[in-house]
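If you count the sequence shown from 1, position 63 lands on 116 in my numbering, and the numbers rise without skipping. Step one of this worksheet: look at the structure below.
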Amino acid sequence: MGRMAIEKERKDNPQKKMEWAKILFPHFQQYGLRNVTMDEVAKVLQKSKATVYKYFKTKDEIVEFVVQYKLGEIAGFVPVLTDESRPFVQRYIKAVEHISTQLLEISNLFLSDLRKFYSEIWDMVNQFRDMAVNQLKDYYESGIKQGIFNNINPKLLALSDQVLFDTLTDPQTLDKYGFTLKSVFEEYFKMRLYGVLKR
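What follows is the structure, encoded as structure tokens:
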């Protein structure tokens, strides 16, 4: 009889995992996710494969954590958008600037591979999109109530934002028109801001 497999004890060190995610994220942007192996991850981190396995069971866990890390970075727009100590319109501008900076680091290759080969992790992106759209809808509603924005149905505004986010996460569309995430996002929200502000 063969030896029974022994479950390795896993280490739960969020700070260490975050440090690794910051190292792995740009690598994944450049080379994609399709052929990711634990050997490659260990090499990029300059750690032994045994050390990597102490923190992650599989490469899927690693990809999931890296995506969670990046979505957490992007989600930094929420406290900016809801910061009532700032002027109302400035909150919007600063939130868009924050998201644009984060999107600049995301490649079409990474998005394409994530969508094709990691469908369950891709669901996290969709959930994040829904959260972002709801945050923006609440913001529009508040702006309309305060008389800062034109009286446009906030649900319709949020729906058009959702269409944008769907476009942003479709690498084929971005490649077809030669767009980057950042360029589309900035131009769209520039049009959005000047379209809803009262003159």
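Where a beta carbon is used, it is the ideal one built from N, C-alpha and C, also for glycine. All figures in this text were calculated on a predicted structure; none of them were measured in a lab.
CA-to-CA distance, residue j to residue i, given in whole angstroms
{"i": "Pro224", "j": "Val133", "result": "28 Å"}
{"i": "Arg56", "j": "Val89", "result": "Annotation note: pLDDT 40 at Arg56 (below 50); position unreliable, coordinate value reported separately. Roughly 29 Å between the two C-alpha positions."}
{"i": "Asp92", "j": "Gln68", "result": "22 Å"}
{"i": "Thr135", "j": "Met177", "result": "23 Å"}
{"i": "Lys102", "j": "Val120", "result": "21 Å"}
{"i": "His151", "j": "Val142", "result": "14 Å"}
{"i": "Gly200", "j": "His80", "result": "46 Å"}
Beta-carbon separation (whole angstroms), residue i vs residue j, contact threshold 8 Å
{"i": "Leu157", "j": "Lys235", "result": "4 Å"}
Close-in-space but distant-in-sequence residues of the same chain around residue i (CB under 6 Å, 5 per side omitted)
{"i": "Tyr122", "result": "Ala74"}
{"i": "Val186", "result": "Ala211, Asp214, Gln215"}
{"i": "Tyr193", "result": "Pro207, Leu210"}
{"i": "Glu165", "result": "A small fix is needed here, since residue 165 is Ser in this sequence, not Glu. Pro224, listed in sequence order."}
9 Å Cβ cutoff, residue i in contact with chain D
{"i": "Thr220", "result": "The structure shown has no chain D; it contains just one protein chain."}
Residues of its chain near residue i, where Cβ-Cβ distance is below 8 Å and the 5 sequence neighbours each way are ignored
{"i": "Asp228", "result": "Asn161"}
{"i": "Phe238", "result": "Val149, Ile152, Ser153, Leu156, Leu217, Leu221"}
Residue i in three-state terms, based on DSSP
{"i": "Phe109", "result": "coil"}
{"i": "Phe232", "result": "coil"}
Residue i, buried or exposed, once every other Cβ within 10 Å from all chains shown has been counted against 16
{"i": "Arg87", "result": "exposed"}
{"i": "Ile159", "result": "buried"}
{"i": "Ile174", "result": "buried"}
{"i": "Glu60", "result": "Confidence at Glu60 is low in this model, with a pLDDT of 48, below 50, so its placement is unreliable and the value that follows should be read with caution. That one is exposed."}
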